[in-house]
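As they're listed, the protein sequences go chains A and B. Heads up: the first sequence runs through residues 1 to 860, numbered per the UniProt record's numbering. Heads up: the second sequence runs through residues 1 to 163, numbered per the UniProt record's numbering. Positions of the beta carbon are idealized from the N, C-alpha and C atoms, including for glycine.
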Amino acid sequence: MDDLLADFLTETHEGLVALDAALVRLERAPEDAATLSEVFRIVHTIKGTCGFLGLSRLEAVAHAAENLLGRYRDGTRAVTQQGVSLILGALDRIRAIVVGLEATGAEPAGEDAPLIAQLNAEAEGAEAEGAEADGHATAPPGPAAIETDEPEAGPLPEPVRAAPPAPAGAEPEMAPAGGATPPQTIRVSVDVLEDLMMLVSELVLTRNQLLQLARSQGDSAFAVPLQRLSHITTDLQEGVMKTRMQPIGNAWAKLPRLVRDLGVELGKKIALEMRGAETELDRQVLELIKDPLTHMVRNSADHGLERPEERLAAGKPETGRIMLKARHEGGHIIIEIGDDGRGLNAERIRQKVLAQGLATEAELAGMPEREIHRFIFRPGFSTAAAVTAVSGRGVGMDVVKTNMERIGGTIDIRSREGLGTAFVIKIPLTLAIVSALIVEAGGERFAIPQIGVVELVRVGGEGTAQLERIKDAPVLRLRDRLLPLVNLAALLRLEPKGEEASGFVVVTQVGGHVFGIIVDRVFDTEEIVVKPVAPILRHVTMFGGNTILGDGSVIMILDPNGIARATGLGAETGEVEPEREPGRPAHLLQSDASTALLLFRAGDAAPKAVPLGLVARLEVVERERIESAGGMPLVQYRGRLMPLVPLSGHWDAGMAPARQPVLVFSDGDRAMGLMVDEILDVVEARLTVDAAGERPGYLGSVVVAGRVTELLDTAWWLRQGGEDWFGAAARAEGAGRRVLLVEDSAFFRSLVVPALGAAGYVVTAVADAEEALRLRDAGAGFDAIVSDITMPGMDGYALARALRDGGPWCGLPLIALTGRAGPEDIERGREAGFTDYVAKFDRAALLESLGQCITAPVEA
Amino acid sequence: MQQSIAATARAPIVPPARGPAEAAEEVFLTLTVAGQLCGVPVLTVRDVLGVQAITRIPLAPNEVAGSLNLRGRIVTAIDLRRRLGLPPREAAGAMSVVVEREGELYSLLADEVGEVLPLPSRDRAHNPPTLDPLWREVSRGVHRLGDRLLILLDVEQVLAIGA
Numbered sequence: 001m002d003d004l005l006a007d008f009l010t011e012t013h014e015g016l017v018a019l020d021a022a023l024v025r026l027e028r029a030p031e032d033a034a035t036l037s038e039v040f041r042i043v044h045t046i047k048g049t050c051g052f053l054g055l056s057r058l059e060a061v062a063h064a065a066e067n068l069l070g071r072y073r074d075g076t077r078a079v080t081q082q083g084v085s086l087i088l089g090a091l092d093r094i095r096a097i098v099v100g101l102e103a104t105g106a107e108p109a110g111e112d113a114p115l116i117a118q119l120n121a122e123a124e125g126a127e128a129e130g131a132e133a134d135g136h137a138t139a140p141p142g143p144a145a146i147e148t149d150e151p152e153a154g155p156l157p158e159p160v161r162a163a164p165p166a167p168a169g170a171e172p173e174m175a176p177a178g179g180a181t182p183p184q185t186i187r188v189s190v191d192v193l194e195d196l197m198m199l200v201s202e203l204v205l206t207r208n209q210l211l212q213l214a215r216s217q218g219d220s221a222f223a224v225p226l227q228r229l230s231h232i233t234t235d236l237q238e239g240v241m242k243t244r245m246q247p248i249g250n251a252w253a254k255l256p257r258l259v260r261d262l263g264v265e266l267g268k269k270i271a272l273e274m275r276g277a278e279t280e281l282d283r284q285v286l287e288l289i290k291d292p293l294t295h296m297v298r299n300s301a302d303h304g305l306e307r308p309e310e311r312l313a314a315g316k317p318e319t320g321r322i323m324l325k326a327r328h329e330g331g332h333i334i335i336e337i338g339d340d341g342r343g344l345n346a347e348r349i350r351q352k353v354l355a356q357g358l359a360t361e362a363e364l365a366g367m368p369e370r371e372i373h374r375f376i377f378r379p380g381f382s383t384a385a386a387v388t389a390v391s392g393r394g395v396g397m398d399v400v401k402t403n404m405e406r407i408g409g410t411i412d413i414r415s416r417e418g419l420g421t422a423f424v425i426k427i428p429l430t431l432a433i434v435s436a437l438i439v440e441a442g443g444e445r446f447a448i449p450q451i452g453v454v455e456l457v458r459v460g461g462e463g464t465a466q467l468e469r470i471k472d473a474p475v476l477r478l479r480d481r482l483l484p485l486v487n488l489a490a491l492l493r494l495e496p497k498g499e500e501a502s503g504f505v506v507v508t509q510v511g512g513h514v515f516g517i518i519v520d521r522v523f524d525t526e527e528i529v530v531k532p533v534a535p536i537l538r539h540v541t542m543f544g545g546n547t548i549l550g551d552g553s554v555i556m557i558l559d560p561n562g563i564a565r566a567t568g569l570g571a572e573t574g575e576v577e578p579e580r581e582p583g584r585p586a587h588l589l590q591s592d593a594s595t596a597l598l599l600f601r602a603g604d605a606a607p608k609a610v611p612l613g614l615v616a617r618l619e620v621v622e623r624e625r626i627e628s629a630g631g632m633p634l635v636q637y638r639g640r641l642m643p644l645v646p647l648s649g650h651w652d653a654g655m656a657p658a659r660q661p662v663l664v665f666s667d668g669d670r671a672m673g674l675m676v677d678e679i680l681d682v683v684e685a686r687l688t689v690d691a692a693g694e695r696p697g698y699l700g701s702v703v704v705a706g707r708v709t710e711l712l713d714t715a716w717w718l719r720q721g722g723e724d725w726f727g728a729a730a731r732a733e734g735a736g737r738r739v740l741l742v743e744d745s746a747f748f749r750s751l752v753v754p755a756l757g758a759a760g761y762v763v764t765a766v767a768d769a770e771e772a773l774r775l776r777d778a779g780a781g782f783d784a785i786v787s788d789i790t791m792p793g794m795d796g797y798a799l800a801r802a803l804r805d806g807g808p809w810c811g812l813p814l815i816a817l818t819g820r821a822g823p824e825d826i827e828r829g830r831e832a833g834f835t836d837y838v839a840k841f842d843r844a845a846l847l848e849s850l851g852q853c854i855t856a857p858v859e860a
Numbered sequence: 001m002q003q004s005i006a007a008t009a010r011a012p013i014v015p016p017a018r019g020p021a022e023a024a025e026e027v028f029l030t031l032t033v034a035g036q037l038c039g040v041p042v043l044t045v046r047d048v049l050g051v052q053a054i055t056r057i058p059l060a061p062n063e064v065a066g067s068l069n070l071r072g073r074i075v076t077a078i079d080l081r082r083r084l085g086l087p088p089r090e091a092a093g094a095m096s097v098v099v100e101r102e103g104e105l106y107s108l109l110a111d112e113v114g115e116v117l118p119l120p121s122r123d124r125a126h127n128p129p130t131l132d133p134l135w136r137e138v139s140r141g142v143h144r145l146g147d148r149l150l151i152l153l154d155v156e157q158v159l160a161i162g163a
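Have a look at this one:
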């Protein structure tokens with residue numbers, strides 16, 4: 001069976017069941033506007049869909065019923081028992097036709113004229129002049145048969161005009177429908193999935209409790225099966241989640257056909273563009289947005305786009321465009337439905353608003369255009385001059401808005417008269433798993449979706465960045481910019497935690513706006529399942545949902561968009577940050593490759609880190625072995641005296657632990673030891689260094705395993721080890737030779753420059769290859785070039801080729817500095833013209849290579 | 001911790017009324033809020049829970065005590081004391097009577113949860129006109145129960161907060 005028809009049948013069945021119940025309710029409570037709207041919407045949907053499928057009998061009956069319901073909804077006709085009976089009769093007729101349709105694939109023959117006449121009589125009973133508007137619409141052939149000059153319009157309208165029992169397209173394979181191929185998919189009730197999901201959530205929580213118990217038990221016989229249970233549970237959870245996720249393209253599948261048919265029917269040329277069809281969202285959400293989306297596309301085609309001749313007259317291409325875009329953004333799905341049509345006519349909306357008494361002239365005068373546009377979301381509001389079979393009954397936008405709000409979404413309009421209209425729908429991914437940062441403010445925990453988080457900055461502590469105030473507004477000077485801040489506890493009217501002396505700023509980006517959220521503490525990141533908040537909380541726009549954490553507690557999920565709006569940061573008039581370089585967010589210091597970091601603790605509680613590659617050895621020195629010379633602690637180490645530098649700033653023999661952990665940095669036969677409190681761990685982490693909290697001895701902070709960690713400035717500490725630590729002898733090695741360092745990462749620049757400088761080289765550092773070539777063309781001279789490989793824009797290979805191509809530097813030694821040093825990389829580097837290949841952080845190798853290269857230059 | 005008395009709740013449901021005149025007999029779960037006996041139709045009750053860990057929800061209406069986790073579902077807790085304009089509870093810990101409305105679970109926080117009682121409609125009186133307007137809004141009537149009066153709570157109205 002035709003997919004489209006099968007879908008239609010399923011939907012219609014569902015609609016009919018809902019209708020029966022709703023109509024009975026309506027009869028009992030005729031004033032219930034919500035029930036009436038619901039009934040109207042379902043009938044409208046059935047009518048709309050069968051119009052496109054060429055089911056003329058169905059359409060005629062549904063249209064007549066809708067007509068009467070429209071009267072009820074507008075209040076021009078009171079709901080009567082007789083009227084409801086008639087509508088129920090119409091539903092029975094629809095059901096009968098649908099049954100025939102299912103059995104044979106074609107509408108059964110039959111005469112509906114008396115029923116339609118009765119419905120029309122009932123509808124027009126009160127209002128005679130309404131008759132001619134609807135008269136031709138209800139006439140049997142239906143309004144779908146519009147003459148058109150489009151070449152490809154041929155076959156479709158035909159069956160509509162033809163006698164009832166023969167819709168084309170459906171005929172051939174219809175009769176033996178059903179038995180042919182076994183279905184690859186089955187329809188499962190959402191309730192079943194919902195129940196499964198609930199059971200799995202319970203299972204996960206129980207599993208977590210078990211794991212916690214097992215951990216406290218030490219090694220128990222349960223450990224192994226428990227691990228297995230844990231894995232299976234995780235897999236099961238993912239599997240159940242997956243059953244609920246569907247690409248949004250599924251909801252769009254019908255649209256191309258619909259748009260084509262609309263084009264034919266309306267005599268317009270329409271191109272439909274769809275982007276982001278693979279964006280996945282929860283099945284339940286998908287079902288709920290399907291109808292509204294269809295309505296909106298219909299609206300765009302019907303009202304939005306002009307006729308070809310009007311478009312040409314307006315200097316636009318003849319073919320109108322309807323654009324559908326979907327993407328994920330901050331735990332939401334953003335769907336845009338836009339057209340390049342005539343746009344909303346604010347003046348006409350204004351008049352209609354006045355006519356319907358929705359607002360006074362004075363109120364309207366003070367409203368920005370955007371607000372006026374929003375009137376189209378009011379029930380029964382339609383500016384369409386003529387009621388067509390396609391749309392224009394004012395159903396649609398209010399229903400769309402209600403549907404969106406029911407699932408916790410929002411809808412917005414952007415329209416410029418003459419240029420087009422775009423609707424932006426933002427809906428939560430109800431059950432999508434998102435990664436969230438758990439923070440604490442005012443004694444409560446909250447989750448912030450990680451997608452919105454740009455970086456974390458520690459503030460207020462000793463030596464870290466400080467909060468400043470401009471009048472009462474807290475701000476943070478973050479590198480080159482002034483970051484507006486929002487205090488989360490104050491925003492949520494929670495008791496602040498004493499003074500806001502220390503805490504964290506969660507730097508968040510919403511659209512083009514970057515702002516900081518002040519929180520007291522930052523915990524872990526956790527994968528969370530977003531659940532919508534209860535309806536009575538939906539007005540609190542600060543929350544995007546809530547969820548249950550691994551420990552079983554409920555936590556509210558913050559919506560950065562809501563926070564931005566609540567604080568006026570996201571206001572439309574606000575200044576939008578220039579768009580960042582794609583792929584390179586706000587981080588000043590960043591390295592693409594992950595780096596092994598040694599984590600340790602010294603002085604305060606905050607973990608500190610140093611790239612493992614810089615540390616020669618880890619030693620533990622007994623207190624008795626530490627001597628003091630000139631106020632500086634020393635230790636005899638491998639036959640020499642090694643200066644020890646306390647990282648906490650001072651060292652007191654009386655306070656020192658019996659066994660002192662020391663990080664040993666060495667160079668040749670020299671060594672320096674850094675005294676720390678405790679060595680914690682070695683982790684592989686991608687360095688995203690935030691230099692905001694700059695203080696001597698630290699390059700900034702990084703987030704390692706969810707914790708803010710200070711990164712050691714090794715060169716600075718080496719200097720603390722004694723002025724002449726590198727000594728004259730070492731300096732002689734470089735002997736004032738000039739080295740050009742090409743490295744995009746400021747972090748590596750800050751490591752390599754001092755290291756080479758200490759060895760006696762004069763180092764010039766540039767951030768990209770282009771800059772290096774400019775230096776060359778400006779006539780700068782160097783003895784050697786050290787370059788990174790992976791750089792934005794021109795990479796290291798391209799630079800090498802450019803240099804070797806000729807010019808004053810074509811004979812210079814060229815050393816590649818890279819995180820990737822596999823044999824193929826080295827081969828590729830040599831081909832491009834590199835003299836040598838050195839792994840990042842291998843200071844000794846770099847110095848050795850430089851020494852060799854400079855004394856024995858390569859032949860170019 | 002999560003003590004469910006749903007089982008006991010089911011037991012005492014009295015067989016259908018004797019005559020057509022008594023057909024309108026409803027079964028209620030009684031609960032106490034600041035000494036006041038209240039009743040909710042037992043058929044609306046999904047669960048009765050002991051003291052639960054409740055997460056506060058900032059900016060929520062005052063009546064909303066927070067949310068709690070009921071076997072993986074998030075339940076919004078409504079403090080009946082606050083809803084009825086009564087002084088806050090001194091002793092920590094309230095019982096939760098979980099009800100469902102439009103697919104969402106809500107928990108009504110009461111000081112104590114009593115028993116399940118069939119209440120014949122002939123013992124029911126209308127709200128006295130002098131009743132506090134706040135109470136009149138949520139009360140479907142008053143039941144004479146021996147020497148005590150029981151307020152029949154209209155769950156729909158109790159949950160109509162911030163609408």
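query	result
A/His-650 burial status per 10 Å Cβ neighbour count (16 or more: buried)	exposed
B/Leu-150 and B/Leu-108 closer than 9 Å at C-beta	no
Counterpart residues of A/Thr-547 in DSSP-defined beta bridges	A/Ile-555
Listed by chain order, chain B residues near A/Asn-546 by CB distance under 7 Å	Ser-67, Ile-74
The stretch 113-122 of chain A / the stretch 60-78 of chain A touching (three or more Cβ pairs under 8 Å)	yes
Of the residues A/Met-404, A/Pro-292, A/Thr-104, A/Leu-53, the one placed nearest A/Leu-258, counting alpha carbons only	A/Leu-53
CA-to-CA distance, B/Ile-161 to B/Thr-32, given in whole angstroms	21 Å
Assigned secondary structure, A/Gly-574 (DSSP; H/G/I helix, E/B strand, else coil)	Residue confidence is low: A/Gly-574 scores 32 on pLDDT, short of 50, so the model does not pin down where it sits. Its coordinate-derived value is still stated next. Correct three-state label for A/Gly-574: coil.
Identified DSSP bridge partners for A/Leu-711	A/Ala-609, A/Gly-700
Three or more C-beta pairs below 8 Å linking the stretch 113-126 of chain B and the stretch 72-91 of chain B	no
Three-state secondary structure assigned by DSSP to A/Thr-243	helix
Closer than 9 Å to chain B by CB, A/Leu-193	no
Residue range of the unbroken beta strand (DSSP E) whose run includes A/Thr-541	First-last for A/Thr-541: undefined, no H or E at that position.
Identified DSSP bridge partners for B/Ser-67	B/Thr-55, B/Thr-76
Those residues which DSSP pairs with A/Phe-423 across a bridge	A/Ile-337, A/Ile-413
Residues of the stretch 482-493 of chain A whose Cβ lies closer than 8 Å to any Cβ of chain B, in chain order	Leu-492, Arg-493
Cβ neighbours of A/Gly-736 in the same chain (closer than 7 Å, five flanking residues each side left out)	Gly-760, Val-762
Local Cβ density within 10 Å of A/Asp-652, reported as buried at 16 or more and exposed below that	exposed
Under 8 Å by beta carbon: chain B residues contacting A/Pro-535	Glu-102, Glu-104
Contacting positions in the stretch 259-289 of chain A - beta carbon closer than 8 Å to chain B	none
Distance between beta carbons of A/Ser-37 and A/Pro-379, contact taken as under 8 Å	7 Å
Distance between A/Val-240 and A/Ala-586 (C-alpha atoms, nearest Å)	Note that A/Ala-586 has pLDDT 31, beneath the 50 cutoff, so the model's placement of it is unreliable and the number below is only indicative. A/Ala-586 and A/Val-240: Cα-Cα distance of roughly 37 Å.
Where A/Leu-598 falls: helix, strand or coil (DSSP)	strand
Extent of the continuous beta strand (DSSP E) run through A/Thr-294	Note, A/Thr-294: premise wrong, no beta strand (DSSP E); alpha helix (DSSP H) at 283-299.
Secondary structure of B/Ile-161, DSSP reduced to three states	coil
Neighbour flag for residue 869 of chain A against chain B, beta carbons, 9 Å	The structure shown does not extend to residue 869 of chain A, since chain A spans only 1 to 860, so no value can be given for it.
Contacts that A/Glu-202 makes with chain B (C-beta to C-beta distance below 8 Å)	Arg-71, Gly-72
Cβ-based contacts, 7 Å cut-off: residues of the stretch 549-560 of chain A near chain B	Gly-552, Ser-553, Val-554, Ile-555, Met-556
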